[in-house]
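>
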Amino acid sequence: MIYRKANQKDYDTILNIWEESVLATHHFLRDTDREEFKKE
């Protein structure tokens with residue numbers, strides 16, 4: 571595995587991975603909660 575520092579081009583991919591993970595594991599969060607986290 572090659573490690574490198576993420577750059578701005580990676581942000582959409584990282585956000586998508588995060589969101590899919592949250593959807594699969596954090597059933598207690600509402601959609602509005604997730605949207606608030608995404609703003610950060």
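First residue of the sequence shown? That's 571 in my numbering, and the numbers climb one at a time after it. Every residue, glycine too, gets a C-beta built ideally from N, C-alpha and C. Keep in mind it's a predicted model, so treat the numbers as computed, not measured.
#1: How big is the Cα-Cα spacing for K579 and N586?
#2: With DSSP as the reference, label A576 as helix, strand or coil.
#3: Quick one: give me the first and last residue of the alpha helix (DSSP H) that E590 is part of.
#4: For the alpha helix (DSSP H) holding E605, just list the boundary residues, first then last.
Considering the structure as presented:
#1: 13 Å
#2: coil
#3: Y581 to T595
#4: D601 to K609
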